[in-house]
Each structure stands twice: as C-alpha cells, then as structure tokens.
Amino acid sequence: MLDQTPFYAESGGQVGDKGELKGAGFAFAVSDTQKYGQAIGHIGTLSTGSLKVGDAVQADVDDARRRVFA
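So in the UniProt record's numbering, spot 39 of the sequence shown is number 39, and the numbers just go up one at a time.
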C-alpha cells in the first residue's frame with residue numbers, strides 16, 4: 001500500500017492502470033489497479049527481490065495503455 005499513487009483504479013467502467021513499482025532491490029509488475037473503499041490496491045507479481053514497509057517506491061504507469069483506454 002502506498003500513501004499516494006499515480007495509478008488509476010478501475011472505476012465507472014474504466015479499466016485500472018498497469019505498470020511497474022520499483023525500488024532499490026525490487027520490481028513489482030502491476031497487472032491491475034483496484035479500489036477497495038478509500039484505498040487503492042496494486043495487483044501483480046513481485047518480479048525480483050523483496051520489499052518491506054518504508055521502502056522508497058518509484059511508480060511507473062504504462063501511459064501508452066492508459067491513453068488507449070481513456
């Protein structure tokens with residue numbers, strides 16, 4: 001869970017974003033983004049490494065895909 005995210009969660013008929021979360025020693029492939037109440041969940045697979053609470057995360061949205069579905 002991130003305190004902020006540029007990923008758009010599935011809502012109102014629009015699909016959720018895909019992309020990647022990465023940081024020092026890990027990469028997480030985001031295959032979907034869903035809304036759970038006020039929280040946004042990044043669904044996917046940890047591609048490499050491991051992460052823990054407090055790790056710095058860079059969030060990269062697949063902008064080309066977002067434009068197709070916008």
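Glycine is no exception: its CB is placed at the ideal position from the N, C-alpha and C atoms.
Query - Own chain, CB closer than 6 Å to Ala9, minus 5 neighbours either side, in chain order - result: On the sequence shown, position 9 is the one that residue 9 refers to. If we look at Ala9 and ignore the five residues flanking it on each side, its Cβ neighbours are Gly16, Thr33, Gln34, Lys35 and Ile40.
Query raised in the report: Taking Cβ to Cβ, would you say Phe28 is nearer than 8 Å to Gly13?
Result: Position 28 of the sequence shown holds residue 28. Position 13 of the sequence shown holds residue 13. No.
**Report entry** 8 Å contact criterion, which Phe7 and Val61 should meet: CB distance rounded
**Finding:** For the purposes of this step, residue 7 is taken as residue 7 along the sequence shown, with counting starting at 1. For the purposes of this step, residue 61 is taken as residue 61 along the sequence shown, with counting starting at 1. Phe7 to Val61, Cβ: 6 Å. Contact.
Requested in this report: Kindly list the residues whose CB is nearer than 6 Å to the CB of Gly19, restricted to its own chain and excluding five residues on each side of it in sequence; keep chain order.
Outcome: For the purposes of this step, residue 19 is taken as the residue at position 19 of the sequence shown. Only Val30, Asp60, Val61 and Asp62 meet the Cβ criterion.
Query raised in the report: Grouping DSSP H, G and I as helix and E and B as strand, with all else coil, what is Phe7?
Result: Here residue 7 is taken as the residue at index 7 of the sequence shown, counted from 1. The answer is coil: DSSP assigns Phe7 none of H, G, I, E or B.
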